Structures are given as C-alpha cells and as structure tokens.
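Asks: Letter by letter, the sequence shown follows residues 41 to 218 in our numbering.
This structure is in structure tokens; I'll ask about it shortly.
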Amino acid sequence: METWVIIDEFMKLAQLEKEKVLEMVANGTLKSKQENGQFFIDAGSGTQALVKSGITSGGAVMVQGDTAVSSAVDSGFVEKTIGTILSLHEKVVSSKEETISSVKNENQFLKDALFNTQEVYEDDKKTIAILREQLRAAQEEIDFLKRKYKLMWGRAIDAKAKESGEEQGAVQEDLPKP
Numbered sequence: 041m042e043t044w045v046i047i048d049e050f051m052k053l054a055q056l057e058k059e060k061v062l063e064m065v066a067n068g069t070l071k072s073k074q075e076n077g078q079f080f081i082d083a084g085s086g087t088q089a090l091v092k093s094g095i096t097s098g099g100a101v102m103v104q105g106d107t108a109v110s111s112a113v114d115s116g117f118v119e120k121t122i123g124t125i126l127s128l129h130e131k132v133v134s135s136k137e138e139t140i141s142s143v144k145n146e147n148q149f150l151k152d153a154l155f156n157t158q159e160v161y162e163d164d165k166k167t168i169a170i171l172r173e174q175l176r177a178a179q180e181e182i183d184f185l186k187r188k189y190k191l192m193w194g195r196a197i198d199a200k201a202k203e204s205g206e207e208q209g210a211v212q213e214d215l216p217k218p
C-alpha cells in the first residue's frame, strides 16, 4: 500500500533538507509523483531509503531484504528513522480511522434513509388499502342508486303509459264515430 505525503511534510518528518530529498528522488531512491501542482513522496519508499542511507559509524544490526546485516549506523540517525517511521505510521492509522468513521457515518445515513423509505412505503400501503375500500363502497352505492332509479323510473314510465292509454281511450270515446 502506498501512502503519499506532501514533500514539505516529508522533509519535516525525515528532518532532511529539500535539496537532499530532491536528490534522492532524482537518483530513484524515493518514489514520487506530482498531482495538481503538488509534489508527493511515497512514505514507504521514504522509510526504506532513510534506513538504507543511514549506514555510517557505530554498530547496529539492520534488516535488508530477508537477511540481517551488521552495519555501522549512527544512533542519532536510527532514532530519527524510527521517529519518522512512527510518525508516518500514526498518519496512516489516523487516515484509516477517518476513513472508517466516514464509512460508518455513510452506512448510518443509508440505514436511516432505508428505514424512512420503509415507513413511507408502509404508510402508502395503508393509504392505498383505505382508498380501495372507499372506492369499493362508492361503487356499491352507485350500483344501488342505479337499481333504485331504474326501478323508480320504470314504475313512473309504466304509470305514465297507463295514464296515457286511459286518456287516449277516453278521448276516443268522446270522438264521434263515423
């Protein structure tokens, strides 16, 4: 995993001058990249470069690759390197915690949104059931009124037809017969 640090921050953590860092980038000791006008150094390659370049006088055992090598290393340099490594590690852990926190917040937001959507869905289901019941009752009432008016108007038409028939019969009786 690559952890990119701005060059100024790397210089502060490694306690190196900018010229020395740029020299290490130029000879390929440090991995670097440039984005949006800012220069970044890979913290992992930085710790490896600092450990390898710190061989001077003194006695210490260093691990290079898979083998332990006895080398002469200045104790001050070792302290700086360990401090740099610990500082970079703290930054990685901090960013990891921030990422976890933001993912947890996002998950909580999505969970709340899902619950709210479920509540709205349940309310809509209840509303639809109520509206269906009202529609069914209204349809029954309409059917009842249709039958009532059909029956009522049917009787009125029959009564009118009988009246008309009796009147026509009476009118015909009043007419002189030829």
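Each residue gets a CB set at the ideal place from its N, CA and C atoms; glycine is no exception.
Source: prediction; values computed, not measured.
Within 10 angstroms of its Cβ, does A66 collect 16 or more other Cβ (buried), or is it exposed?
Replies: Per the 10 Å Cβ criterion, exposed.
Asks: Where DSSP assigns a beta bridge to S72, which residues make up the other side?
Replies: Answer is I81.
Asks: When the Cβ atoms of the region 137-148 are set against those of the region 55-71, are three or more pairs found closer than 8 Å?
Replies: Too few Cβ pairs lie closer than 8 Å, so no.
Asks: To the nearest angstrom, how far is the alpha carbon of V160 from that of K166?
Replies: Straight-line Cα distance between these residues: approximately 10 Å.
Asks: Residue range of the alpha helix (DSSP H) that L53 falls in?
Replies: Segment I47 to A54, the alpha helix (DSSP H) holding L53.
Asks: Within 10 angstroms of the Cβ of L53, are there 16 or more other Cβ atoms? Answer buried if so, exposed if not.
Replies: Counting Cβ neighbours within 10 Å, L53 comes out buried, since at least 16 surround it.
Asks: Among K71, E49, K120 and A201, which residue has its Cα nearest to the Cα of E42?
Replies: The shortest C-alpha separation from E42 is found at K71.
Asks: What is the residue span of the alpha helix (DSSP H) that E59 lies within?
Replies: Its alpha helix (DSSP H) spans residues K58 to A66.
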